[in-house]
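So the structure is just underneath, and the comments pick up after that.
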Amino acid sequence: MSLADAVLYNIFYEMSTFCTSIVAEDSKGELYHARNMDFEFGEGYDIKNRTWFLAENLRPLLVNINYMRGGNLVFKAAHYAGYVGVVTGMKPKAFSVSENARSGDAGGGVVGVLEWLLDMKNGTFTGFLTRTALETAETYSEALTMLRSTPLLAPIYYILGGRTSGEGSVITRNKDEAIDVWPMASAGGWYILETNYDHWMKPLFLDDRRGPANQCMRETTQQGVSLPALFDVLSTKPVLNKGTIYTALMHVESGQLESWIRECDDPCPPF
Numbered sequence: 047m048s049l050a051d052a053v054l055y056n057i058f059y060e061m062s063t064f065c066t067s068i069v070a071e072d073s074k075g076e077l078y079h080a081r082n083m084d085f086e087f088g089e090g091y092d093i094k095n096r097t098w099f100l101a102e103n104l105r106p107l108l109v110n111i112n113y114m115r116g117g118n119l120v121f122k123a124a125h126y127a128g129y130v131g132v133v134t135g136m137k138p139k140a141f142s143v144s145e146n147a148r149s150g151d152a153g154g155g156v157v158g159v160l161e162w163l164l165d166m167k168n169g170t171f172t173g174f175l176t177r178t179a180l181e182t183a184e185t186y187s188e189a190l191t192m193l194r195s196t197p198l199l200a201p202i203y204y205i206l207g208g209r210t211s212g213e214g215s216v217i218t219r220n221k222d223e224a225i226d227v228w229p230m231a232s233a234g235g236w237y238i239l240e241t242n243y244d245h246w247m248k249p250l251f252l253d254d255r256r257g258p259a260n261q262c263m264r265e266t267t268q269q270g271v272s273l274p275a276l277f278d279v280l281s282t283k284p285v286l287n288k289g290t291i292y293t294a295l296m297h298v299e300s301g302q303l304e305s306w307i308r309e310c311d312d313p314c315p316p317f
């Protein structure tokens with residue numbers, strides 16, 4: 047792999063991803079965090095085989111990583127092998143976080159990366175900030191402060207889950223700062239769900255994963271919340287689609303993180 051390829055591989059998240067993330071609290075106050083990682087749009091769709099080129103090539107690269115320091119576990123993450131940032135991670139007994147792409151700001155991440163390459167802008171790649179938060183923050187509130195205020199090169203949604211009741215939020219970011227922090231209490235009390243559209247705006251009519259996912263969560267009910275139940279929600283079409291690469295499940299209290307490579311059998315929507 048050339049140096050140029052390695053650099054591009056580590057900044058492509060800024061370009062185009064479509065995801066669904068959920069933080070949910072059960073009736074006993076236990077918090078669970080689950081997400082689908084989707085890659086689609088612009089990476090080439092094979093009409094004959096009904097597959098996305100990038101999704102097909104990323105699935106075999108999925109790995110789970112334990113980050114250690116001095117022989118002790120610091121945090122866990124689901125990765126694509128060779129990517130050094132973090133888009134899905136958890137610090138046991140502290141917090142969990144996932145990234146969902148956002149198209150806000152003129153030109154989105156493409157412009158931010160170009161400005162960075164031309165030395166016109168200081169900022170952090172979104173996945174690198176996630177990794178720094180998991181390395182250094184010790185609590186949900188510390189992670190929230192870092193993720194909402196550190197300058198970035200691309201707009202993003204950070205979906206943050208904690209350890210104690212009520213700790214869940216969606217941080218809607220432009221490149222410079224958070225423009226909105228949406229707490230779980232305001233989202234309905236026992237869960238918060240984000241796809242790739244500002245929560246106060248309607249999703250694109252061609253890409254409404256939010257509506258079906260919310261319907262599934264209402265049918266699940268707070269009494270039914272568990273990692274298997276969230277897996278079922280994320281397995282419902284079109285939340286699960288041809289661009290879905292993996293589903294990750296996280297439980298901060300027990301330190302459990304597992305990821306599942308996904309395939310969507312036909313008939314299945316492309317996104």
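Sequential numbering of the sequence shown, starting at 47, is according to my numbering.
Every residue gets a Cβ at the ideal spot worked out from N, C-alpha and C, and that includes glycine.
A quick note: this is a predicted structure, and the numbers were derived from the prediction, not measured.
With distances taken between CB atoms, is the gap from residue i to residue j smaller than 9 Å?
{"i": "A127", "j": "M136", "result": "no"}
{"i": "E213", "j": "F121", "result": "no"}
{"i": "S195", "j": "D72", "result": "no"}
{"i": "F233", "j": "V216", "result": "Checking the displayed sequence, the identity of residue 233 turns out to be Ala instead of Phe. Yes. Within cutoff."}
{"i": "P316", "j": "K283", "result": "no"}
{"i": "F277", "j": "T290", "result": "no"}
{"i": "R177", "j": "V130", "result": "yes"}
{"i": "G169", "j": "L193", "result": "no"}
{"i": "Q302", "j": "A70", "result": "no"}
{"i": "D253", "j": "F99", "result": "no"}
{"i": "C310", "j": "K288", "result": "yes"}
{"i": "L180", "j": "V132", "result": "yes"}
From what residue to what residue does the beta strand (DSSP E) around residue i run?
{"i": "F251", "result": "Careful: F251 lies outside any beta strand (DSSP E) and carries neither H nor E."}
{"i": "S211", "result": "Where S211 is concerned, there is no enclosing beta strand (DSSP E), given that its DSSP letter is neither H nor E."}
{"i": "G135", "result": "134-137"}
{"i": "Y292", "result": "290-297"}
{"i": "L119", "result": "118-126"}
Could you check the C-alpha separation between residue i and residue j for me, to the nearest Å?
{"i": "A101", "j": "L286", "result": "13 Å"}
{"i": "A52", "j": "K74", "result": "45 Å"}
{"i": "K248", "j": "N118", "result": "44 Å"}
{"i": "W228", "j": "R219", "result": "11 Å"}
{"i": "N56", "j": "G90", "result": "19 Å"}
{"i": "K94", "j": "G173", "result": "33 Å"}
{"i": "D84", "j": "T66", "result": "8 Å"}
{"i": "A224", "j": "V143", "result": "16 Å"}
{"i": "S187", "j": "D92", "result": "44 Å"}
{"i": "E304", "j": "P106", "result": "16 Å"}
Mark residue i as exposed unless 16 or more other C-beta atoms lie within 10 angstroms of its C-beta, in which case mark it buried.
{"i": "E313", "result": "In the sequence on display, residue 313 carries Pro and not Glu. So P313 counts as exposed."}
{"i": "A50", "result": "exposed"}
{"i": "W236", "result": "buried"}
{"i": "E38", "result": "Here the chain comprises residues numbered 47 to 317, so residue 38 is not present and cannot be evaluated."}
{"i": "R264", "result": "exposed"}
{"i": "M319", "result": "No statement about residue 319 is possible, as the shown extent of the chain runs from 47 to 317 and does not include it."}
I need the boundaries of the alpha helix (DSSP H) containing residue i, first residue and last residue.
{"i": "E188", "result": "186-195"}
{"i": "P313", "result": "Element bounds for P313: n/a, residue is neither H nor E."}
{"i": "L280", "result": "273-280"}
{"i": "M230", "result": "230-233"}
{"i": "E145", "result": "Premise fails: E145 lies in the beta strand (DSSP E), 141-147, not in any alpha helix (DSSP H)."}
{"i": "A179", "result": "172-182"}
Q: Inspect the CB distances between the segment 201-218 and the segment 232-251 and report whether three or more fall short of 8 Å.
A: yes
Q. Should the segment 295-304 be called in touch with the segment 73-86, which here means at least 3 C-beta pairs below 8 Å?
A. Yes, the segment 295-304 is in contact with the segment 73-86.
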